[in-house]
Structures are given as structure tokens and as C-alpha cells.
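J.:
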Amino acid sequence: MSFQNPVFIPGPTNIPEVIRKACDMPTIDHRSSVFGEIFAPVRENLKKVLKTTSGEIIIFPASGTGAWEASISNTLSPGDKVLAARNGMFSHRWIDMCQRHGLEVQIVETPWGEGIPANKYQEILAADKGHEIKAVLATHNETATGVRSDIGAVRAAMDAAKHPALLMVDGVSSVASMDFRMDDWGVDLAVTGSQKGFMMPAGLAICGVSQKALSHMDAAKLPRTFFDFRDMLNAYAAGGYPYTPAVGLLNGLNTSVNMLLDEGLEAVFDRHHRIAEGVRRAIAAWGLKPCAANPSLYSDTVTAVVVPEGFNGSAVATHAAEAYGMAFGVGLGEVATKVFRIGHLGSLTEAMMLSGLSVAEMSMVDLGIPVKLGSGVAAAQEYYRVGSAAMQAAA
Ligand code: PLP
């Protein structure tokens, strides 16, 4: 089997060698103080990444889906009402999980390619005089469509409606590559995973939990054992973990957050913005469009490229993998055949992105999609090159 890098799927992302090596460590006694030396700084530094000073960080050996489950099961009870917009595959799956847990979901059906309609949330919350809605769900970055929603606007809608519901935000494909402001946005549960912005293998589910969310733990009646926040926090207080931790992954995460903080979070976000902008310029040069309905929704971590009528977007990703050994994301759900996805998050540079754009271009031309070879790469090069007007304006 051969492993081809870099990958341009929207997670898991490329793993820097230094992180890969940090994950590959000898066994330690996780009940000894050595564990605390790895774990305590990870939790402290993750607060900086999520931009919270008052929240707690809780980490499970699971993927992002586990963090969704932990968030709802630690704060809600069967029959509780939650509000959620469905605008892509991942918001859909979170809704499905809530329904399977016996929650009643008020779904705001939203076209795929659009963001969360904060004004609609406000209307619904203002009408909920009895405060039956216990949680508001928001997917910050819809990985299926490449849409970033405005979480500040969701918080403003909740405040305008004077609604006390918990705000739960899925930041699986945004955190650590795009700005995420847990405290400023009043996020009660921030949910993410290790394999995207953190440049790690999958296997760690990360939750940022506000004091308000913690105050709901004892009353919450949904069953949980593996995902019980209380067991986690009690064990953390004693310097341990309630069961066997994924020590190697936590050690890798330690390295990852140090790398992010050394580069500087704002510099990390700028790097992703520049890479994403080059991708968008390439798409425009191809004569194609992103799935995101307008520029205010453009994600800096993933772009879903809409292929012309009569072509299959997923076939572009399949062909790129088979013919050129390079991985792009296929379309999912409602946009399954209409798009292919370019992931541009995690450990990535502009130079790496140019290789991805050139393979995307060759794959489309091979399949008969009418784009001109070199056109997208040239547009991105013009934007990325050090002396370009766009770069100078941004400097
Ligand atoms: N939420 C979003 C926005 C995602 O992109 C994903 C995975 O791609 C998930 C949730 C699910 O995370 P995981 O696959 O780590 O369980």
C-alpha cells in the first residue's frame, strides 16, 4: 500500500513529522505524575485556542461525533427541545443524533450552501415564551458545503430574544484553522476533534464547556457513562483520568497546540485565509463557483467546487486519487454529485496548495470539464506570489 501526501480532503489533514513522532511514544504509567506533565498543559493551551478563560476543557478518546454526544448527553434530558438549522451533512448528522437520543428537534430547513439564518433563530426563540428550547445548535463550518456561519450573529439573536438556552457549536472543521471565540460568542459547548485544524490523527474528542453548561450536568437525565463530564472533571481534579487515556495522542496534541501558539493563532488564521483565497481565485479562473452562496459565507478551511451540469463532482475526486494519487473530498448528501471538495486546513502552505490546484485542474480536464489547464494555478500564483498587489495590500 502506498501513502500519498499531501492530502486535500477536509480532514483528516496532513500530519507534520514532529507531531507524528510525538504521538509515537513509549508506554508510560498514566496513573503517575508523568501523565499530568503531558495532560495539564494541553488543557491549559486548548483554552487559548478556543479563546476561553472561564470554560473547562474535557477530552475523550473519541472522534468529533463523540464530542457531539458528550455535549448533549451531559446537559439535556429526554424530551427536551433543541433548535437547529439543517444546511449540510454535518448539521444533519447532529440533528439525527439528537433525535436518536429522544430530543425534540425544531429544524430550520436551510438550503445547502447557505449559512445559519440567525434572524429565523431569533424569531423562533422570541416566540418561545416558556423557554422550552433548552439548546441552540450551530455548525460553525459546514464541511459538506464549505459554508462558515456567523456564530456571533447566533449569539446576538439569542440575546435579542432574551433566551436562556445553551449555545452548542460544532467547530470540528474550523477550530485551530479559523477564528473561534468561545467566550466572546457566549458558546456553552464548543465541540471539535483532533484530526483537522490540530493536524493530528483522529481519536480525540475535545469539548470546551462553559460554567453555565457545567451547571446543567446534575439535572441532565440523558444516560452517559463513557462520556460523563463529572467523571472526567473529578479525575482531572485528582491529576488523573477516569479510564485509560490515549496518551500518545495527547502527547501529539501537546505538540500541536504548542506549534499553533508558536506560529500565533492570528497568523495561523491569516495563513488559512490566504490559502483559501488563492483557491477561490483558481475556481473563478476555471469559470466555476463555490457551493457557498455568497462571499460572506466562504470557509477558509474547505471549498466545495460546483461542477458544470452534466458532470459528476465526486468523479473528479475519484479520478484524482486513481490517476494522480491525490486525495480530494467527494460530495456528500444533497450535493453528492454536484461538487468535489478541496480541503485547505491544518498543516498546509501556499506552495502545497498549488500542487493540489494543478491536480484538480488536470483531473477536470481529463474528465472533459471545460477548464483551461494552468488557468487556476496561474490565478492562485498571481495571488500568492510575494510581490503581488493583493499580497502587498494585505501586508
Ligand atoms: N462536524 C463536522 C463539521 C465535521 O466536518 C465532522 C467530520 O468531518 C464531524 C462533525 C464528525 O466528526 P468525526 O468524523 O471526527 O466524528
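Under my numbering, the first residue of the sequence shown is numbered 6, with each subsequent residue one higher.
Just so it is clear, CB atoms sit at the ideal spot from N, CA and C, and this is done for glycine as well.
If you're wondering where the values come from, they're calculated on a predicted model, not measured in any experiment.
1) Going by the C-beta, is residue 207 closer than 7 Å to any heavy atom of the ligand PLP?
2) Whole angstroms are fine: how far does the CA of residue 129 sit from the CA of residue 164?
3) Taking the straight line between their C-alpha atoms, what separation do you get for residue 24 and residue 125?
4) Where do the ends of the beta strand (DSSP E) carrying residue 348 lie?
5) Check this for me: beta carbons of residue 67 and residue 210, under 8 Å apart or not?
6) Among residues of its own chain, excluding the 5 on either side of residue 288, which ones have a beta-carbon nearer than 8 Å to its beta-carbon?
7) Looking at the strands, I want to know which residues DSSP matches up with residue 194.
8) Could you have a look at residue 354 and say whether DSSP puts it in helix, strand or coil?
9) Is residue 31 helix, strand or coil when you go by DSSP?
10) Could you tell me which residues DSSP pairs with residue 89 in its beta bridges?
11) Any heavy atom of the ligand PLP closer than 7 Å to the CB of residue 233?
12) Just to check my reading of the structure: residue 152 and residue 174 have Cβ atoms closer than 8 Å, yes? What is that Cβ distance to the nearest angstrom?
13) With a CB to CB cut of under 8 Å and the five nearest residues on each side skipped, what residues in its chain are close to residue 102?
14) Determine the closest residue to residue 347 out of 40, 190, 277, 114, with distance taken between C-alpha atoms.
15) Residue 58 lies in the alpha helix (DSSP H); which residues open and close that run?
16) Helix, strand or coil for residue 151, going by three-state DSSP, please let me know.
17) Output needed for residue 47: all residues of its chain with C-beta closer than 7 Å, excluding positions within five of it in sequence on either side, in chain order.
18) At a cut of 8 Å, does the stretch 326–340 reach the stretch 155–170 through at least three beta carbon pairs?
19) When you compare the CB positions of residue 266 and residue 53, do they come within less than 8 Å of one another, or not?
20) Can you give me the start and stop residues for the beta strand (DSSP E) that residue 340 sits inside?
T.: In short:
1) For the ligand PLP, at least one heavy atom lies less than 7 Å from the Cβ of residue 207.
2) Cα-Cα distance, rounded: 13 Å.
3) Taking the straight line from one Cα to the other gives about 42 Å.
4) For residue 348, the enclosing beta strand (DSSP E) stretches over residues 344–348.
5) Pairing residue 67 with residue 210 gives a Cβ-Cβ distance under 8 Å.
6) By the criterion of a C-beta distance shorter than 8 Å, residue 288 is surrounded in its chain by 294, 295, 308, 310, 381, once the five residues flanking it on both sides are discounted.
7) Residue pairing by DSSP places residue 194 opposite 173, 214 in a beta bridge.
8) Coil, per DSSP.
9) Residue 31 falls in the coil class under three-state DSSP.
10) Its beta-bridge partners are 112, 142.
11) Checking the Cβ of residue 233 against the ligand PLP gives no.
12) About 14 Å separates the beta carbons of residue 152 and residue 174, which is beyond the 8 Å limit, so they are not a contact pair.
13) Contacts found: 70, 73, 74, 77.
14) Of 40, 190, 277, 114, the smallest CA-CA separation from residue 347 is found for 277.
15) Counting along the chain, residue 58 falls outside any alpha helix (DSSP H), and DSSP gives it neither H nor E.
16) DSSP places residue 151 in coil when its eight states are reduced to three.
17) Cβ neighbours of residue 47 beyond the five flanking positions: 255, 258, 259, 262.
18) These segments do not touch.
19) Yes, the pair counts as a contact, with Cβ atoms nearer than the cut-off.
20) Run containing residue 340: none; DSSP gives neither H nor E here.
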